[in-house]
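Undergrad: First, the structure itself, so that you have it in front of you.
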Amino acid sequence: MDADYRRTLDRAVRHLCNGADAVCDGMKAGDRIPRLNYMTGGYTWDGDYVWNSWADFQWVGFLAGRLWLLHLLTREQRYADAALQLCRRIGPDLAQHPTVFSSTGIDMYYALTLGHQITGDSDLKNWALAGGDNFANIFDRKARAFLQIAGADRIVIDTGLNLPSMLWASQWEPERATLAYRHLDTVLEIGLIRPDGSSCHAAALDPETRAVTGLFSLQGWSNDSVWARGQAWAMLGYAHAYEASRKPHYLEAARSAADWYVAHAPKGWVPRYDYDDPDRDKLPYDSCAACIATAVLMRLVRWLPDRAQQYRDVARQTLKALLADFLTPGGVVLHGTWGRMRHVEAGKPRLGRFPQEDVMPYGNYWIAECLYRELSTDWSALSLDGKA
Numbered sequence: 067m068d069a070d071y072r073r074t075l076d077r078a079v080r081h082l083c084n085g086a087d088a089v090c091d092g093m094k095a096g097d098r099i100p101r102l103n104y105m106t107g108g109y110t111w112d113g114d115y116v117w118n119s120w121a122d123f124q125w126v127g128f129l130a131g132r133l134w135l136l137h138l139l140t141r142e143q144r145y146a147d148a149a150l151q152l153c154r155r156i157g158p159d160l161a162q163h164p165t166v167f168s169s170t171g172i173d174m175y176y177a178l179t180l181g182h183q184i185t186g187d188s189d190l191k192n193w194a195l196a197g198g199d200n201f202a203n204i205f206d207r208k209a210r211a212f213l214q215i216a217g218a219d220r221i222v223i224d225t226g227l228n229l230p231s232m233l234w235a236s237q238w239e240p241e242r243a244t245l246a247y248r249h250l251d252t253v254l255e256i257g258l259i260r261p262d263g264s265s266c267h268a269a270a271l272d273p274e275t276r277a278v279t280g281l282f283s284l285q286g287w288s289n290d291s292v293w294a295r296g297q298a299w300a301m302l303g304y305a306h307a308y309e310a311s312r313k314p315h316y317l318e319a320a321r322s323a324a325d326w327y328v329a330h331a332p333k334g335w336v337p338r339y340d341y342d343d344p345d346r347d348k349l350p351y352d353s354c355a356a357c358i359a360t361a362v363l364m365r366l367v368r369w370l371p372d373r374a375q376q377y378r379d380v381a382r383q384t385l386k387a388l389l390a391d392f393l394t395p396g397g398v399v400l401h402g403t404w405g406r407m408r409h410v411e412a413g414k415p416r417l418g419r420f421p422q423e424d425v426m427p428y429g430n431y432w433i434a435e436c437l438y439r440e441l442s443t444d445w446s447a448l449s450l451d452g453k454a
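In the working numbering, the protein residues as written are 67 to 454.
Right under this line is the structure:
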C-alpha cells in the first residue's frame, strides 16, 4: 500500500470519527435511539426503538456496527461504549417481539452479533439467539424462503444481507443455518441471479400455493433491468453463505454476480441507481451499492486467486472515488437513493425522494467496513467461520 493511499484511508477514518463523536455526545443526554435523517445524514433522537415497521425503521444495527468497527480501527473505547449502549437498548426488544420484516436481521447481526464477537458479552449473544428464534418465524415452508415482510407474497434478493446472525447462530442451533441455506438455494433456483450474473430484485408468490408467479423489481427501472443495489446484495448474500459453509456453489454465485459488477463498472466507478434506465445519467448514483460491492470484492480477493488482481484493482479504484467525491468531513456518504419505490407500507408515506437523492443507511455502514478490511489483515470480528 503506497503512502498516499494510506493517508487517504487514515483521513477517511478521521471523517467517520467526526460523525461518530457527534453521535456519542448525543447519547450522553439519555437512553435514546438515534434515527438517521435521510436528507442530511445527521441524527434525530427517538424515545422508543421501532422494530415492527420498515417505513419507521431506525437502522440502529448499521450505526452500532459502524461504531464497533471504528473501535477496532482506533481503539477508542467511547465507540465501543456507545455501540454497547445501543445494543442494550434494542436487544431485549429483538429477543421478545415477533419478527415482522427481515431487516431486523441487520440489527441482530451488526449490533448484537458483531458486539458479542468483539466483547464476548453474553447478553448480546443471548439476545441475538432469542431474536433468531423470532426471525425463523418469517421462513415460509411452502416457499422455502424467508419472506421480505411477514405475510407478504414476495421474496427479495436483499434478504441475504439479513441472514448472517442465522449463520453465526448455527454453532448452537444448527437449524438456523439450514433455514438460511434453504432460502439462499431457493433464490438461486427461482432465478434472482440470472445466467449472466446480473440480479433481479424480487419474486412474486401465489398466495395459496406459494409458487413463484413472476419476477419483478420493487426499486429498479423495470422488471428486466439491473438495480445497482440489488446487484450488490446478490454479491453479499452469497459471500456470506460461502464464508459460513465453504460450499462451492455459493462461491460460484458470488463470483458470477461480482464478475457482472466488475464488467459493468462505469466511468468514475460508482454506478447510477439502475444500469438500464435510459435516463440514468440524469438520475441519482447509488453510492451505497458501490460501498457494499467494494467490501465484497475485498473478501473475494482472498477466495478467488485467479480474479484477485482484477477484483482488488476495482475495489481500490471504487473506494478512492467514494472517499474523494462522496464522503463528507462528517463521515456521511452522499449521493444515494432508495430508487423507484413501488411498495408502500400501509398507512405510511413512501420512502425516499426519488429522483432526488437521499443519504442511505447502508453506505454509512459499508464505508466503515471497506476501511476496516483495507486497513486490517485480521477480519475475525466479522468472520462467519473463524477463518476469514
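Ideal Cβ positions, reconstructed from N, Cα and C, are used throughout, including at glycine.
Per DSSP, S446 is paired with what?
TA: Looking at the DSSP assignment, S446 forms no beta bridge with any residue, so it has no partner.
Undergrad: Among N203, W193, I215, A277, which one has its Cα closest to the Cα of L245?
TA: Nearest C-alpha to L245: N203.
Undergrad: Sorted by chain position, which residues of the same chain lie with C-beta nearer than 7 Å to R73's C-beta, five sequence neighbours on each side aside?
TA: Hits under 7 Å: none found.
Undergrad: Mind checking W111: buried by the 16 CB within 10 Å criterion, or exposed?
TA: Under this definition W111 is an exposed residue.
Undergrad: Thinking C-beta only, is S264 closer than 9 Å to Y339?
TA: Cβ distance not < 9 Å, so Y339 and S264 don't count as in contact.
Undergrad: Are the beta-carbon atoms belonging to L23 and L135 less than 9 Å from one another?
TA: The shown model of the chain, from 67 to 454, leaves out residue 23, and the question about it has no answer.
Undergrad: Helix, strand or coil for L82, going by three-state DSSP, please let me know.
TA: In this structure, L82 counts as helix in the three-state DSSP scheme.
Undergrad: From M67, A268, R77, L138, pick the residue whose C-alpha is nearest to that of D444; which is it?
TA: Of the listed residues, the one whose Cα sits closest to D444 is L138.
Undergrad: Of the choices H81, C354, L388, M174, whose alpha-carbon is the least far from that of R295?
TA: That would be C354, whose Cα lies nearest to the Cα of R295.
Undergrad: Do W193 and L178 have their C-beta atoms closer together than 9 Å?
TA: Yes, the Cβ-Cβ distance between W193 and L178 is below 9 Å.
Undergrad: Please state the DSSP three-state secondary structure of F128.
TA: In this structure, F128 counts as helix in the three-state DSSP scheme.
Undergrad: Would you say E318 and R365 are within 9 Å of each other, going by their C-beta atoms?
TA: No, they are not a contact pair.
Undergrad: Judging by CA-CA distance, which residue of D114, A149, L393, L195 is the nearest neighbour of I184?
TA: The candidate whose alpha carbon is nearest that of I184 is A149.
Undergrad: Per the contact definition of three or more C-beta pairs closer than 8 Å, is the segment 318-327 in contact with the segment 271-286?
TA: No, because fewer than three Cβ pairs between the segment 271-286 and the segment 318-327 fall closer than 8 Å, the two stretches do not touch.
Undergrad: Where are the alpha helix (DSSP H) runs, 4 residues long or more, that stay fully inside the segment 232-258, in chain order?
TA: Taking only runs of at least 4 residues, the alpha helix (DSSP H) segments lying wholly in the segment 232-258 are 240-256.
Undergrad: Beta-carbon within less than 6 Å of Y377's beta-carbon, same chain only, minus the 5 sequence neighbours each way: which residues are those?
TA: Same-chain partners within the cutoff: L363, L366, V367.
Undergrad: With 16 as the cutoff for other CB atoms within 10 Å, does S236 come out buried or exposed?
TA: Answer is buried; the Cβ neighbour count reaches 16.
Undergrad: Mind pulling the alpha helix (DSSP H) runs of 4 or more residues that sit fully within the segment 151-187?
TA: Whole alpha helix (DSSP H) segments, 4+ residues: 180-185.
Undergrad: Taking the alpha helix (DSSP H) that Y428 belongs to, which residues open and close that run?
TA: From DSSP, the alpha helix (DSSP H) with Y428 extends over 427-441.
Undergrad: Given a cut-off of 9 Å, decide if H81 and P395 are closer than it, judged by their beta-carbon atoms.
TA: It is a contact, given that the beta carbons lie within the stated cut-off.
Undergrad: Determine the DSSP secondary structure at V222, reduced to helix, strand or coil.
TA: If DSSP states are grouped into helix, strand and coil, V222 belongs with the strands.
Undergrad: Locate the beta strand (DSSP E) running through V278, then write down its first and last residues.
TA: Segment 278-282, the beta strand (DSSP E) holding V278.
Undergrad: Output needed for G157: all residues of its chain with C-beta closer than 7 Å, excluding positions within five of it in sequence on either side, in chain order.
TA: Same-chain partners within the cutoff: L178, D189, L190, W193.
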